[in-house]
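Enquirer: Pasting a structure below so you can have a look.
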Amino acid sequence: MPETKKIDKEQSKAQTEKPLDNSLVHDFAMKNGSIFTPKLLIILIVAVVLGIGSGYALSKRGAVGGDTVGGSVSSSKISKGTTVGEGDTKIFKDVAEGILKAGGIEGEGAYHLVRPGGDSQNVYLTSSIVDLSQFLGRKIKVWGETQQAKVAGWLMDVGKLEVLQ
1 MPETKKIDKE
11 QSKAQTEKPL
21 DNSLVHDFAM
31 KNGSIFTPKL
41 LIILIVAVVL
51 GIGSGYALSK
61 RGAVGGDTVG
71 GSVSSSKISK
81 GTTVGEGDTK
91 IFKDVAEGIL
101 KAGGIEGEGA
111 YHLVRPGGDS
121 QNVYLTSSIV
131 DLSQFLGRKI
141 KVWGETQQAK
151 VAGWLMDVGK
161 LEVLQ
């Protein structure tokens with residue numbers, strides 16, 4: 001009986017020990033093939049076409065947001081409640097109200113809002129989004145981003161405008 005156990009142990013040991021598998025060792029030499037396979041080129045072309053198409057479609061769709069109408073409107077469409085500019089007020093956090101007048105102060109701002117309290121309370125304005133010249137003499141509310149000024153007490157880059165009167 002001890003001999004059978006010995007034979008069984010040798011057989012099981014032979015079964016568990018496997019020879020070294022040479023297929024795990026690979027050659028790292030560079031292949032002469034290009035990285036741009038036909039499949040990859042087709043995928044890249046499709047991605048470019050879809051990107052151009054979606055960008056074109058979005059640009060033709062109009063302004064983003066329901067209450068805004070781009071950066072300018074015709075004079076006949078300007079009335080109380082008209083809103084122009086960027087609808088995202090997360091970017092333009094600062095708010096000011098007043099009557100819009102032309103002119104800055106010593107080269108800072110092209111327009112200014114006249115507010116109660118005298119000249120020291122004026123807000124000087126610039127904007128690359130909204131055409132402020134269409135709203136001269138009107139009481140407006142503006143959303144913008146405060147800029148660093150040398151002379152002006154408050155210099156703001158306007159991103160959104162609402163006509164109050």
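This note's numbering puts the first residue of the sequence shown at 1, with every later residue one more than the last. We put the CB at the ideal spot given by N, CA and C, even for glycine.
#1: Would DSSP call Ala149 helix, strand or coil?
#2: Return the bridge partner residues of Trp154 from the DSSP annotation.
#3: Taking the C-alpha atoms as reference points, what is the distance between Gly144 and Ile91?
#4: Going along the chain, which residues of its own chain have a beta-carbon closer than 7 Å to the beta-carbon of Thr89, five neighbours each way excluded?
#5: Could you give the first and the last residue of the continuous alpha helix (DSSP H) run that contains Ile45?
#6: Between which two residues does the beta strand (DSSP E) holding Val123 run?
#7: Could you check the C-alpha separation between Ile42 and Glu86 for me, to the nearest Å?
#8: Which same chain residues end up closer than 8 Å to Glu97 when comparing Cβ atoms and leaving out the 5 residues on each side of it in sequence?
#9: On a Cα-Cα basis, can you pick out the residue from Ala110, Gln147, Leu40 that is closest to Leu132?
#10: Of the choices Val48, Lys101, Ser54, whose alpha-carbon is the least far from that of Thr126?
#11: In this structure, how does DSSP classify Asp88 when only helix, strand and coil are distinguished?
#12: Give the straight-line distance between the Cα atoms of Gly117 and Lys60, rounded to the nearest whole angstrom.
#13: To which residues of the same chain is Lys39 closer than 8 Å at the C-beta, ignoring the five residues directly before and after it?
#14: Per DSSP, what kind of secondary structure is Val64 in: helix, strand or coil?
#15: Kindly indicate which three-state DSSP category Asp94 falls into: helix, strand or coil?
#16: Under a Cβ-count criterion, where at least 16 other Cβ atoms within 10 Å of its own Cβ denotes burial, should Gly66 be classed as buried or exposed?
#17: Candidates Thr37, Ile129, Val95, Ser34: which alpha carbon is nearest Asn122's?
#18: Where does Gln134 land, buried or exposed, given buried means 16+ other C-beta within 10 angstroms?
Expert: In short:
#1: Look at Ala149 here: in three-state DSSP terms it is coil, with no helix or strand label.
#2: Bridge partners of Trp154: none, in fact.
#3: Between Gly144 and Ile91, the C-alpha separation is close to 8 Å.
#4: Counting only Cβ-Cβ distances below 7 Å, and skipping sequence neighbours, we find Trp143, Lys160.
#5: Under the DSSP assignment, Ile45 falls in the alpha helix (DSSP H) whose first and last residues are 38 to 61.
#6: 123 to 126 is the span of the beta strand (DSSP E), which, as asked, contains Val123.
#7: Going by the C-alpha atoms only, they are around 38 Å apart.
#8: The residues Leu113, Arg115, Lys139, Ile140, Lys141, Val142, Leu164, in chain order, have a CB closer than 8 Å to that of Glu97 in the same chain once the five nearest residues on each side in sequence are set aside.
#9: When only C-alpha atoms are compared, the closest one is Ala110.
#10: Measuring C-alpha to C-alpha distances from Thr126 to each of Val48, Lys101, Ser54 identifies Lys101 as the nearest.
#11: Coil at Asp88, not helix or strand.
#12: Rounded to the nearest angstrom, the two C-alpha atoms are 45 Å apart.
#13: Nothing listed; no residue qualifies.
#14: Low confidence applies to Val64: its pLDDT is 46, below 50, so where it sits in the model is not reliable enough to give any reading.
#15: Strand, per DSSP.
#16: Annotation note: pLDDT 39 at Gly66 (below 50); position unreliable, coordinate value reported separately. Taking every protein chain shown into account, the CB of Gly66 has fewer than 16 other CB atoms within 10 angstroms, so this residue is exposed.
#17: Ranking Thr37, Ile129, Val95, Ser34 by Cα distance to Asn122 puts Val95 first.
#18: Flag for Gln134 reads buried.
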